[in-house]
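Novice:
Number of protein chains: 2
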Amino acid sequence: MKYQEATIEELLTTAFQDEALRNAYYETAQEKMFKKGDLLLEQGQICRYCYTLLSGAVRGFYLKDGREITTSFCFTNDVVMSLESATRLTPSPESFEVLEDSLVEVVSVEKLNQLRQQFPVLEKVWTLSMEAYAIWLEERLASLQFATAKERYEQLLERYPEIVRNVQLSHIASYLGITLETLSRIRAKG
Amino acid sequence: MKYQEATIEELLTTAFQDEALRNAYYETAQEKMFKKGDLLLEQGQICRYCYTLLSGAVRGFYLKDGREITTSFCFTNDVVMSLESATRLTPSPESFEVLEDSLVEVVSVEKLNQLRQQFPVLEKVWTLSMEAYAIWLEERLASLQFATAKERYEQLLERYPEIVRNVQLSHIASYLGITLETLSRIRAKG
DNA sequence: GTCGCCATTTGATATATGTCAAATAATTAT
DNA sequence: ATAATTATTTGACATATATCAAATGGCGAC
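Rendered as structure tokens:
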């Protein structure tokens, strides 16, 4: 999972001026360092924690026919979590792997749900985040549904240049739904 | 937009036992018949109404290079709306076309927002719907990202046989991200 | 610095799917 | 019912992308 939006940021800034909320939050939130290669969550496990990236990079992926299909990239301020697993308490369809040493804020999903109940502003943030995430998914879907491999790469380059800069080709390729050889050729031609 | 889930249904059933809510809702909701071919919303316009299908069928689509790309199919109990346009008041990226004469419950987005504020249970329904919709989109994304055309068709057949039964091939094909000729051949071979 | 391990590029070929065109089949209107 | 329109199937060929294999390049361990 992944989202970002200006109004959500603002709402959070305001919310954290409330001391009660701040205390309740930092009672449960923990900062942790993760190393390159660590798994924040493994496919098949239930997602019990919500991870906010303070620095670093993470990718989501799942296995299909023995090969890894990348579903998302997350960077600073992005939230890492399997929405499906966390809300339904079902096995996660995807794993999340740390791509470079990352500082992460960890909150348990259970505590987060309590906080949402306790502080309506957090419930509001959650709802807005869901909306933003769904809209982001709609966009990505449209891109995969009918753009050519080259168009998809160019869209990625334009919208998320940090991905192209920082992530290895094989991950970008599977994210775009193509092989790394094809991606390499697209880049060579321009 | 499109969603459906058991717990949401249950929550709504309970909610509508509240007379105040029921009255407030039916003050603003209107039933309307739409005819095959009608557009509920046109690409580029702002989505000001939320449509719930009481009967019939609707499809969402957008134009790319002069051809229609189908993004969704909606049937009885599904909600038709451009999430992006309704929440951000931006031009809708997609149109919604009535596929067969349909009975529809219409509520303005503005009123719906008021009702959500007024009745927390409706806010909860909204949030759960967003979660369900995002999860549905994640699934669809995974399907488009790395399944072959045949696999995607078989998944559709299994999960949404009513689409395959009721909708014309060209719409199903663009929904799957393939041409209608390819879909026809997939069906022929089995 | 050198070796060894990955990542990336490049090449040759195979395959899935698209495109264009025509032939049937199914619906709809008259 | 018949004609007209629209949807689906089928065929021949073009193209994008995948696959397999090998060559090159970059980078960390020692």
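Top line first, the protein sequences correspond to chains A and B. Position 56 of the first sequence, counting from 1, maps to 56 under the numbering used here, and the rest follow consecutively. If you want the numbering used here, it's the 1-based position in the second sequence plus 1000. Cβ atoms here follow ideal geometry from the backbone N, Cα and C, with glycine treated the same way. Just so we're clear, the structure is a prediction, and the values are computed from it rather than from any experiment.
Give the DSSP-derived three-state secondary structure of L1089/B in the structure shown.
Specialist: Correct three-state label for L1089/B: coil.
Novice: If you measure beta-carbon to beta-carbon, which residues of the stretch 146-161 of chain A are closer than 8 Å to chain B?
Specialist: Listed by position, the residues of the stretch 146-161 of chain A near chain B (Cβ gap below 8 Å) are F146.
Novice: What residues in the stretch 127-141 of chain A have a beta carbon less than 7 Å from any beta carbon of chain B?
Specialist: Answer set for the stretch 127-141 of chain A: T127, M130, E131, Y133, A134, I135, L137, E138, R140 and L141.
Novice: Is the Cβ of T90/A closer than 7 Å to any Cβ of chain B?
Specialist: With 7 Å as the cut-off, T90/A does not count as an interface residue toward chain B.
Novice: Apart from the five residues just before and just after P93/A, which ones in its own chain have a Cβ nearer than 8 Å to its Cβ?
Specialist: Counting only Cβ-Cβ distances below 8 Å, and skipping sequence neighbours, we find Q43, Y62, S82, E84 and S85.
Novice: Report the three-state DSSP secondary structure of E94/A (helix, strand or coil).
Specialist: If DSSP states are grouped into helix, strand and coil, E94/A belongs with coil.
Novice: Pick out whichever of R152/A, L41/A, A24/A and E19/A has its Cα sitting closest to the Cα of V80/A.
Specialist: For V80/A, the nearest C-alpha among the options comes from L41/A.
Novice: Can you tell which of L1112/B, H1171/B and V1106/B has the C-alpha that lies nearest to the C-alpha of S1055/B?
Specialist: Among L1112/B, H1171/B and V1106/B, the Cα nearest to that of S1055/B belongs to V1106/B.
Novice: Keeping to the same chain, check which residues put their C-beta closer than 8 Å to that of Q1155/B; ignore five residues upstream and five downstream.
Specialist: Once the five neighbours on either side are set aside, the close Cβ partners of Q1155/B are S1143 and A1147.
Novice: For K1111/B and W1126/B, I'd like the C-alpha separation in whole angstroms.
Specialist: Rounded to whole angstroms, K1111/B to W1126/B spans 14 Å at the Cα level.
Novice: Per DSSP, what kind of secondary structure is S170/A in: helix, strand or coil?
Specialist: S170/A falls in the helix class under three-state DSSP.
Novice: Quick check: the Cα distance between T1090/B and R1048/B, rounded to an integer number of angstroms?
Specialist: Whole-angstrom Cα-Cα distance: 10 Å.
Novice: Given that a residue counts as buried once 16 or more other Cβ atoms are within 10 Å of its Cβ, and exposed if not, what is G177/A?
Specialist: By the 10 Å Cβ count, G177/A comes out buried.
Novice: Nearest-angstrom Cα distance between E1158/B and L21/A?
Specialist: Computed Cα separation, rounded: 46 Å.
Novice: What would DSSP say about T1071/B, mapped onto helix, strand or coil?
Specialist: Here T1071/B sits in strand by DSSP.
Novice: Give the DSSP-derived three-state secondary structure of Y160/A in the structure shown.
Specialist: Y160/A falls in the coil class under three-state DSSP.
Novice: Which residues in chain B sit within 8 Å of K64/A, going by Cβ to Cβ distance?
Specialist: The answer, in chain order, is F1146.
Novice: Going by other Cβ atoms of all chains shown within 10 Å of its Cβ, with 16 needed for buried, is Y133/A buried or exposed?
Specialist: So Y133/A counts as buried.
Novice: Between which two residues does the beta strand (DSSP E) harbouring Q1030/B extend?
Specialist: Where Q1030/B is concerned, the enclosing beta strand (DSSP E) stretches over Q1030 to F1034.
Novice: Give the interface partners of G1177/B over in chain A, defined as CB-CB distance under 9 Å, in chain order.
Specialist: Going along chain A in sequence order, the residues near G1177/B (Cβ under 9 Å) are L144, Q145 and F146.
Novice: Which residue comes first and which comes last in the alpha helix (DSSP H) that contains R1187/B?
Specialist: It spans L1180 to K1189 - the alpha helix (DSSP H) in which R1187/B sits, taken as one unbroken run.
Novice: So, are the CB atoms of L1103/B and M1033/B less than 7 Å apart?
Specialist: Yes, they are a contact pair.
Novice: Go to A1057/B, then tell me how far its alpha helix (DSSP H) extends in each direction, as first and last residue.
Specialist: Not the alpha helix (DSSP H): A1057/B falls in the beta strand (DSSP E), residues Y1049 to K1064.
Novice: So, are the CB atoms of K1035/B and D1101/B less than 7 Å apart?
Specialist: Result yes, Cβ atoms of K1035/B and D1101/B sit closer than 7 Å.
Novice: Roughly how many angstroms separate the alpha carbons of L12/A and S1072/B, rounded to a whole number?
Specialist: The alpha-carbon atoms of L12/A and S1072/B are separated by roughly 33 Å.
Novice: Among A1188/B, K1124/B, S1174/B and N1166/B, whose alpha-carbon lies nearest the alpha-carbon of A1015/B?
Specialist: Checking every option, the nearest Cα to that of A1015/B belongs to K1124/B.
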